[in-house]
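What follows is a set of notes on a single structure, which appears directly below.
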Amino acid sequence: MTAQRQEHGRSTHGLVRNALTGGVLVVKIGGGADPEPVLDEVAELAAAGQPVVLVHGGGVAADRLADQLGVRRAVIESPDGTHSRRTDPRMLAVLTLTLLGQVKPQLVSGLRARGAPAVGLSGADSALITASRKPAIRSVQAGRTTLIRDDQSGRIEHVDPSLLRVVLARGDVPVVSPPASDAEGNLLNVDADEVAARLAAALNASALVLLTDVCGVLSDPSDPASRIIEVGPQHLTGDVVRGRMRHKVRAGLRASRTVAQVSIASAHHHRPIRQALAGGGTWVREGSAA
Numbered sequence: 053m054t055a056q057r058q059e060h061g062r063s064t065h066g067l068v069r070n071a072l073t074g075g076v077l078v079v080k081i082g083g084g085a086d087p088e089p090v091l092d093e094v095a096e097l098a099a100a101g102q103p104v105v106l107v108h109g110g111g112v113a114a115d116r117l118a119d120q121l122g123v124r125r126a127v128i129e130s131p132d133g134t135h136s137r138r139t140d141p142r143m144l145a146v147l148t149l150t151l152l153g154q155v156k157p158q159l160v161s162g163l164r165a166r167g168a169p170a171v172g173l174s175g176a177d178s179a180l181i182t183a184s185r186k187p188a189i190r191s192v193q194a195g196r197t198t199l200i201r202d203d204q205s206g207r208i209e210h211v212d213p214s215l216l217r218v219v220l221a222r223g224d225v226p227v228v229s230p231p232a233s234d235a236e237g238n239l240l241n242v243d244a245d246e247v248a249a250r251l252a253a254a255l256n257a258s259a260l261v262l263l264t265d266v267c268g269v270l271s272d273p274s275d276p277a278s279r280i281i282e283v284g285p286q287h288l289t290g291d292v293v294r295g296r297m298r299h300k301v302r303a304g305l306r307a308s309r310t311v312a313q314v315s316i317a318s319a320h321h322h323r324p325i326r327q328a329l330a331g332g333g334t335w336v337r338e339g340s341a342a
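Here the working numbering is used: the first residue of the sequence shown is 53, the next is one more, and so on.
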């Protein structure tokens, strides 16, 4: 092994060690990712005394349920190319059923089966996440920009991590998902990556790991070899980062203002969290010059 490789090995080992001993670790798992390796590692970390908050999405399962119920699915494409789910009242009901009635119980049960006590929470519980409804959303349809006024998605305004601190102090793993609620108690869909980023900042987390079904941010979405090692704000200009990945990068950039290590990486590895913290994905840093 060359001296350069030895130094790299020491540095990445140090990154993992610091992240896993320096405070709370926030991990988000996407709806299209295999949860089993993630649950294995979260349970292992919890058994070792590492405080972990697991945030989840569930878009794939929600799409499946929507199709079964005959609820129309649609995607909003914003003028900057970001893709998001069209959340009319019927789709909000589907999302709530899916996240709180299917995905979250499976994750909580999976952790308990591995010996890790877990508590399922949503952003609406105990005003954990307060959001405000977006009164109008710009959407590009057939080359024209239109305004959507009945969407039930929200912008996160406030995070109160006190309930999470109680759960973590007990040694349990909080499993958190959308929806959030507004000040009047109305449910709103909020982006799960943004939930993870805001919780990481509120908890002064040592690291945020956004696990997905690809190996990181790719300059060519069809080519895993095009993984970008580090991204910063400049990568959101043009079409370097496209589609749903723009949400992850934006959320990661927000978190990186206060969270020392932010990574987007694949969930489909043995110990995917450690691999992400060892540089196996894409680092997200607001001050990046990469």
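From the three backbone atoms N, C-alpha and C, an ideal C-beta is built for every residue, glycine too.
Source: prediction; values computed, not measured.
Which same chain residues end up closer than 6 Å to residue i when comparing Cβ atoms and leaving out the 5 residues on each side of it in sequence?
| i | result |
| --- | --- |
| R22 | The chain is shown from 53 up to 342; residue 22 falls before or after that span and cannot be answered. |
| P103 | V76, L220 |
| G333 | G268, S315, I316, A317 |
| P226 | V105, V171, L173, L216, V219 |
| H210 | T182 |
| T54 | Bear in mind that a pLDDT of 39 at T54, under 50, signals an unreliable position, so the number given afterwards is only what the model happens to contain. Counting only Cβ-Cβ distances below 6 Å, and skipping sequence neighbours, we find nothing. |
| G111 | G83 |
| A114 | V146, L147, T150 |
| R323 | E93 |
| H299 | D243, D245 |
Bridge partners of residue i, per DSSP?
| i | result |
| --- | --- |
| S184 | R207 |
| H108 | I81 |
| R116 | In the DSSP output, where bridge partners are listed per residue, R116 has none listed. |
| R190 | L199 |
| T264 | S318 |
| R294 | Note: R294 sits in no beta bridge, so no partner. |
| V283 | V336 |
| L270 | R279 |
| A259 | L77, Q313 |
Check the C-beta distance from residue i over to residue j and give it rounded, since I have them as a contact under 8 Å.
| i | j | result |
| --- | --- | --- |
| A232 | V242 | 5 Å |
| Q384 | A259 | The structure shown does not extend to residue 384, since the chain spans only 53 to 342, so no value can be given for it. |
| H135 | R296 | 5 Å |
| D212 | A188 | Contact doesn't hold; Cβ gap of about 28 Å is too wide. |
| A261 | I325 | The sequence as given places Val at residue 261; Ala does not occur at that position. About 5 Å; that satisfies the 8 Å criterion. |
Near residue i, which residues of its chain fall below 8 Å by C-beta distance, leaving aside the five closest residues on each side in sequence?
| i | result |
| --- | --- |
| Q193 | E129 |
| Q154 | G110, A113, L117 |
| V293 | V269, V283, H287, V301 |
Grab the span of the alpha helix (DSSP H) containing residue i for me, first residue to last.
| i | result |
| --- | --- |
| V127 | Where V127 is concerned, there is no enclosing alpha helix (DSSP H), although the beta strand (DSSP E) it sits in stretches over 127-129. |
| I325 | 324-327 |
| H299 | 297-308 |
| V311 | Where V311 is concerned, there is no enclosing alpha helix (DSSP H), given that its DSSP letter is neither H nor E. |
| P89 | 87-99 |
What residues in its chain sit with their C-beta under 7 Å from that of residue i, if we drop five residues either side in the sequence?
| i | result |
| --- | --- |
| R190 | S130, P131, T197, L199 |
| L239 | L144, T148, A176, P231, S233 |
| D202 | D140 |
| R138 | A126, V127, I128, D203 |
| V160 | A170, G172, V227 |
| R142 | V123 |
Which first and last residues belong to the beta strand (DSSP E) in which residue i is found?
| i | result |
| --- | --- |
| V336 | 334-336 |
task: Would you mind listing the beta strand (DSSP E) stretches within the segment 132-178 that are 3+ residues and don't spill past its ends, in chain order?
output: Positions of the beta strand (DSSP E) runs, each at least 3 residues long and wholly inside the segment 132-178, are given as 135-137, 170-174 in order along the chain.
task: Return the chain-ordered ranges of every beta strand (DSSP E) run that is complete within the segment 208-252 and spans a minimum of 3 residues.
output: Segments of the beta strand (DSSP E) lying fully in the segment 208-252: 225-229.
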